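Enquirer:
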Amino acid sequence: MTTARRRMGRAGGRQLAPGVTRRHGRVPPVQDEAFFRYLVAGMRNGVLAFTRDGRLALINDEAYRIFDLTPRHDDLGRPLAELLPSHPEVVRMLNNVFDLHLLPNRAELRLRPSGKVIGYTLGLVRDDSGRVIGASMYFKDLTRVEQLEERERLRDRLAAVGEMAAAIAHEVKNPLAGIEVMAGLLRRKIAALPDAQALLTDIISEAKMANAIVQEVLEFVRPIRLQVEHTAVRDAVQSAVHLTDTKARRGDIAVDVRVPEGLPLIQADRYQLTQLFTNLLTNAYEAMDGRGRITVLASSVSIDDGGEPRAAVLVEVADEGPGMSPDLAERVFKPFFTTKPQGSGLGLAIVRKIVDAHDGSIDLQTAPGRGTTIRVTLPVTALHEEQ
Ligand SMILES: Nc1ncnc2c1ncn2[C@@H]1O[C@H](COP(=O)(O)OP(=O)(O)OP(=O)(O)O)[C@@H](O)[C@H]1O
Ligand SMILES: [Mg+2]
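Residue numbering for the sequence shown follows numbering that gives the first Met the number 0, starting at 0 and increasing by one per position.
1) Using the C-alpha atoms, what's the distance from phenylalanine 276 back to leucine 175?
2) Under DSSP, the beta strand (DSSP E) around histidine 100 begins and ends at which residues?
3) Could you name the residues that DSSP lists as bridge partners for arginine 374?
4) What does the Cβ neighbour count give for glutamine 341, buried or exposed, with the cut at 16 atoms within 10 Å?
5) Using three-state DSSP, classify valine 379 as helix, strand or coil.
6) With isoleucine 265 and threonine 230 assumed to form a contact (beta carbons below 8 Å), what rounded beta-carbon distance in angstroms separates them?
7) Taking the C-alpha atoms as reference points, what is the distance between leucine 327 and leucine 279?
8) Straight-line CA distance for proline 119 to glutamine 237?
9) Which residues in the same chain have their Cβ closer than 7 Å to the Cβ of arginine 22, if we skip the five residues on either side of it in sequence?
10) What does the shell around ligand 2 hold, if a residue joins when its beta-carbon is under 5 Å from any heavy atom?
11) Count the other CB atoms, across all protein chains shown, that sit within 10 Å of the CB of alanine 351; report buried if there are 16 or more and exposed otherwise.
12) Considering only DSSP beta bridges, list what phenylalanine 219 is partnered with.
13) Going by CA-CA distance only, name the one from Glu145, Leu198, Val220, Glu315 that's closest to leucine 157.
14) Determine the direct distance from the alpha carbon of glycine 161 to that of phenylalanine 34, and round the result to whole angstroms.
15) Reducing DSSP to helix, strand and coil, say where leucine 387 ends up.
16) In terms of residues, what are the limits of the beta strand (DSSP E) holding threonine 294?
17) Nearest to alanine 283 by alpha carbon, out of Met323, Ala106, Pro378, Phe138?
18) Using DSSP with H/G/I as helix, E/B as strand and the rest coil, what is glutamine 226?
19) Whole angstroms are fine: how far does the CA of alanine 191 sit from the CA of leucine 199?
20) Strictly by DSSP, which residues pair up with proline 78?
21) Quick one: grab the DSSP three-state call for lysine 333.
22) For aspartate 251, which residues in the same chain have their Cβ closer than 7 Å to its Cβ, ignoring the five residues on either side in sequence?
23) Below 8 Å, can you find three or more Cβ-Cβ pairs linking the segment 199 to 211 to the segment 164 to 184?
24) Okay, do the segment 48 to 67 and the segment 103 to 121 touch, 3+ Cβ pairs below 8 Å being the bar?
25) Looking at serine 360 and ligand 1, is the gap between the Cβ and the nearest heavy atom below 6 Å?
26) What separation, rounded to the nearest whole angstrom, lies between the Cα atoms of threonine 417 and proline 78?
27) For a test of your reading of the model: does the CB of methionine 323 fall under 6 Å from any non-hydrogen atom of ligand 1? Yes or no.
28) Valine 144 to glutamate 107, Cα distance in whole Å?
29) Can you tell me which of Gly370, Arg130, Arg269 puts its alpha carbon nearest to the alpha carbon of arginine 224?
30) DSSP state of glycine 261, grouped into three classes?
31) Where do the N-terminal and C-terminal ends of the beta strand (DSSP E) with aspartate 268 fall, by residue?
32) By alpha-carbon positions, which one of Ala62, Asn44, Asn59, Val96 ends up nearest to glycine 53?
33) Got a sec? Which residues, its chain only, sit under 7 Å from glutamate 61 by beta carbon, not counting five neighbours each side?
34) In terms of alpha-carbon separation, which member of Ser301, Arg125, Glu315 lies closest to arginine 309?
35) Pop quiz: isoleucine 391 and glutamine 274 are said to be a contact at Cβ under 8 Å. What is the actual Cβ separation, rounded to whole angstroms?
36) Can you name, in chain order, every residue of its own chain whose Cβ lies under 7 Å from the Cβ of proline 263, other than the five neighbours on each side?
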């Protein structure tokens with residue numbers, strides 16, 4: 000093999016530019032050591048390399064960010080166990096690298112302290128003679144991808160269950176309407192029997208309630224088709240307050256809406272947003288039993304979940320109700336979970352569905368006796384619209 004062919008091989012089969020060779024002749028200024036340092040620093044993957052004795056040889060900013068580490072000037076040379084004390088599972092895996100026959104490629108692992116999911120690839124570092132002198136790890140924060148996949152799975156599941164539920168609900172609706180109408184006719188026929196009248200009134204109201212639940216189930220299982228437009232959060236919240244007043248007993252509850260001027264409009268479905276806030280306010284009314292204050296606070300925030308930071312609006316709905324135990328709080332978003340005798344348990348499940356459809360997120364802060372705050376974060380522009 001000629002020198003020229005060997006050289007081409009090293010260049011990955013591609014011809015080098017005229018006058019440029021790897022080892023001899025002119026080296027373009029970009030290929031000096033600083034260039035490689037900048038390359039690693041600027042990578043959008045986390046990169047970490049270490050020597051055979053388990054000491055850090057290289058790390059970039061993204062790696063610091065993913066591991067939630069604060070950089071120290073003496074990090075290089077530190078043992079991995081000392082650098083990553085809260086990630087013993089990562090340290091163990093890295094220390095085993097030199098004993099593995101097959102290095103993981105595109106493997107995944109969950110970082111315990113933060114719950115982040117990372118996708119990683121391991122590689123060996125060899126010197127000119129082929130001797131292994133270290134190893135490297137390339138990784139990416141997959142939390143966001145995971146969330147999207149989880150949502151996708153949930154959507155598929157809901158679509159399958161939903162189809163069946165929708166079919167049943169549809170079939171039940173007609174006989175229910177029949178019961179209601181016929182009970183009404185019967186009531187008129189037996190005007191002279193007050194006891195029987197009372198029974199029929201009960202039958203009618205039970206049928207109405209069953210019908211309302213069927214409606215809600217249908218609403219829940221129907222896939223959301225968003226009619227997206229530039230929407231002011233303030234309008235959606237105000238409409239929700241009016242709507243809630245027609246649906247639930249407000250009593251002396253004060254509702255304090257604090258939405259600052261200049262909050263960005265968000266790409267959202269106005270109707271769905273109104274429904275979202277109506278469900279939250281209804282729960283707050285029901286929890287507070289006619290007394291106290293509900294505060295709806297909106298602010299401009301930025302979502303930073305591993306990708307590019309995205310502008311978003313955070314809406315917090317805080318009530319002074321009884322709050323919830325951690326056990327209860329964990330279950331409230333599940334469909335059909337309710338503690339109310341007349342509840343269908345779909346209010347918050349629908350809220351979550353709407354938030355997901357808008358590519359947003361929701362969480363709640365609550366404790367017994369401390370009220371409940373539900374925090375909804377909605378991106379100004381949903382991810383799929385940015386592309
Ligand atoms: N603001 C709140 N304060 C205290 N508990 C709440 C609050 N919001 C929800 N919950 C609890 O979560 C449960 C589920 O709420 P969700 O809105 O999904 O259903 P529901 O209100 O019971 O019924 P539906 O909304 O369908 O009429 C409630 O039954 C209640 O126990
Ligand atoms: Mg509810």
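Heads up, the beta-carbon is just placed ideally off N, CA and C, and yes, glycines get one too. Here the structure is a predicted model, which is why all the values come from computation and not from measurement.
Expert: On the basis of the data shown:
1) Rounded to the nearest whole angstrom, the CA to CA distance from leucine 175 to phenylalanine 276 is 30 Å.
2) Per DSSP, histidine 100 is not a residue of any beta strand (DSSP E), being assigned neither H nor E.
3) Arginine 374 pairs with Glu315, Asp362.
4) When all chains shown are included, glutamine 341 counts as exposed.
5) Of the three classes helix, strand and coil, the one that applies to valine 379 here is coil, per DSSP.
6) With a Cβ gap of about 6 Å, isoleucine 265 and threonine 230 count as contacting.
7) Cα-Cα distance, rounded: 16 Å.
8) In the sequence under discussion, the amino acid at residue 119 is tyrosine, which differs from the proline named in the question. Pairing tyrosine 119 with glutamine 237, the inter-Cα distance amounts to about 47 Å.
9) For arginine 22, the predicted structure reports a pLDDT of 47, less than 50, and the residue's modelled location is therefore unreliable. The matter cannot be settled from this model.
10) Counting only residues whose CB is nearer than 5 Å to a non-hydrogen atom of ligand 2, the list in chain order is Asn282, Gly346.
11) Before going on, a small fix: residue 351 reads as arginine here, not alanine. With 16 or more Cβ atoms within 10 Å of its Cβ, arginine 351 is classed as buried.
12) DSSP, once it has assigned bridges, lists no residue as partnering phenylalanine 219.
13) Closest option to leucine 157, judged by alpha-carbon separation, among Glu145, Leu198, Val220, Glu315: Val220.
14) As the crow flies, the alpha-carbon of phenylalanine 34 is around 55 Å from that of glycine 161.
15) Any property of residue 387 remains undetermined from this structure, which presents the chain solely from 0 to 386.
16) Taken as a continuous stretch (DSSP letters only), the beta strand (DSSP E) holding threonine 294 covers 292 to 302.
17) With distances taken between Cα atoms, alanine 283 lies closest to Met323.
18) Looking at glutamine 226 - three-state DSSP - the assignment turns out to be coil, as it is neither helix nor strand.
19) C-alpha separation (whole angstroms): 13 Å.
20) Partner(s): Arg54.
21) Correct three-state label for lysine 333: coil.
22) Taken in chain order, the residues that qualify are Gly289, Arg290.
23) Judged by Cβ distances under 8 Å, the segment 199 to 211 makes contact with the segment 164 to 184, as three or more pairs qualify.
24) Taking 8 Å as the limit for Cβ pairs, the verdict is that the segment 103 to 121 does touch the segment 48 to 67.
25) Ligand 1 never approaches serine 360 closely enough for any of its heavy atoms to be under 6 Å from the residue's Cβ.
26) Outside the shown range of the chain (0 to 386) lies residue 417, about which nothing can therefore be said.
27) Because some heavy atom of ligand 1 lies under 6 Å away, the Cβ of methionine 323 counts as near it: yes.
28) Approximately 12 Å between the Cα atoms of the pair.
29) Comparing Cα positions, the closest option is Arg269.
30) In this structure, glycine 261 counts as coil in the three-state DSSP scheme.
31) Careful: aspartate 268 lies outside any beta strand (DSSP E) and carries neither H nor E.
32) Measuring from the Cα of glycine 53, the nearest candidate turns out to be Val96.
33) Around glutamate 61: Met42, Arg43, Asn44, Gly45.
34) Relative to the Cα of arginine 309, the nearest Cα in the group Ser301, Arg125, Glu315 belongs to Ser301.
35) This structure gives no information on residue 391, because the portion of the chain shown stretches from 0 to 386.
36) Beyond the five residues adjoining it in sequence on each side, proline 263 comes within less than 7 Å, by CB distance, of Ser299, Ala310, Val312, Val379 in the same chain, given in chain order.
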